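Using this note's numbering, you'd call the opening residue of the sequence shown number 30 and step up by one each time. Below is one structure, written out as structure tokens, with a few remarks after it.
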Amino acid sequence: MTKKRQKQKNTRDLVLGIFVIGLVVVVGAALFTSYTNQGGTSGVAETLNITTLAGETLNIPDEDKKATVVFAMAYWCGTCIPEARALARLKAEMGDQLQIVIVDIDPSSNAELVQQFQLAVGNNANTLHWVLDKEGVISRTYELRVLDTTIIFNNQAQETYRDAYPTDYNTLHAQLEALGL
């Protein structure tokens with residue numbers, strides 16, 4: 030094997046190793062910190078005014094909508110894709126009374142990487158609001174500590190559902206249906 034090929038192999042192995050370690054850390058954190066809140070909280074969530082990657086300004090949560098969903102992901106998160114697809118499907122079905130904000134919580138992310146993730150999500154990905162949380166403001170405000178965290182707020186800005194693991198379409202649909210969607 031030539032030195033050049035060996036160097037390429039070593040680089041590839043290093044990148045793969047870093048990815049696997051990162052994945053183990055994320056999965057481990059999810060297993061140790063995952064929780065579900067289906068009973069809601071008594072308090073009202075702090076409202077954030079944010080700018081999306083499309084240049085839109087919006088409030089999280091949006092009290093003019095029946096529900097706001099916040100979903101924490103990273104552009105490299107393979108387990109985040111199925112839930113993002115489910116959210117895009119729900120947005121298409123439930124329409125304008127539902128606001129869905131997809132938050133890339135990886136500070137190293139950028140618009141181009143999020144666009145690649147959107148391509149993987151496919152149909153209706155462009156109907157969702159995509160946000161980079163480079164400074165961690167959204168993550169700190171809503172305690173987004175783990176990838177695949179989903180929060181649902183009602184139109185009074187109360188948290189009605191939270192989980193920290195991949196959520197399927199049926200679970201999300203049931204939670205939103207309970208809010209009148």
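Note that CB positions come from ideal geometry on N, CA and C, so glycine has one too. Keep in mind it's a predicted model, so treat the numbers as computed, not measured.
Look at the alpha carbon of residue 157 and the alpha carbon of residue 102, and state the distance between them as a whole number of angstroms. Taking the sequence shown and counting its residues from 1, the one referred to as residue 157 is at position 128. Taking the sequence shown and counting its residues from 1, the one referred to as residue 102 is at position 73. Cα to Cα, residue 157 sits roughly 13 Å from residue 102.
Rounded to whole angstroms, what's the CA-CA distance from residue 73 to residue 182? Just pull it up for me. Stepping through the sequence shown from its first residue, residue 73 is reached at position 44. Stepping through the sequence shown from its first residue, residue 182 is reached at position 153. Going from the Cα of residue 73 to the Cα of residue 182 covers about 9 Å.
Neighbourhood of residue 81 by C-beta distance below 7 Å, restricted to the same chain and skipping five residues each side: One-based indexing of the sequence shown puts residue 81 at position 52. Counting only Cβ-Cβ distances below 7 Å, and skipping sequence neighbours, we find 87, 158, 159, 160.
Contact defined as beta carbons within less than 8 Å: I believe residue 193 pairs with residue 166. What is the distance between those atoms, to the nearest angstrom? On the sequence shown, residue 193 is found 164 positions in, with the first residue counted as 1. On the sequence shown, residue 166 is found 137 positions in, with the first residue counted as 1. About 19 Å; that fails the 8 Å criterion.
What residue from 138, 107, 37 has the CA that sits closest to residue 149's CA? To locate residue 149, count along the sequence shown from 1; it is residue 120. The shortest C-alpha to C-alpha distance from residue 149 to any of 138, 107, 37 is the one to 107.
Taking the alpha-carbon of residue 200 as reference, which of 32, 37, 116 has the nearest alpha-carbon? Taking the sequence shown and counting its residues from 1, one reaches residue 200 at position 171. When only C-alpha atoms are compared, the closest one is 116.
Sorted by chain position, which residues of the same chain lie with C-beta nearer than 6 Å to residue 83's C-beta, five sequence neighbours on each side aside? As a first step, residue 83 must be located in the sequence shown, where it is residue number 54. Answer for residue 83: no residue qualifies.
State yes or no: is the C-beta of residue 77 within less than 8 Å of the C-beta of residue 132? As a position in the sequence shown, residue 77 is number 48, starting the count at 1. As a position in the sequence shown, residue 132 is number 103, starting the count at 1. Inclusion of residue 77 and residue 132 in the CB contact set at 8 Å is not warranted, their separation being larger than that value.
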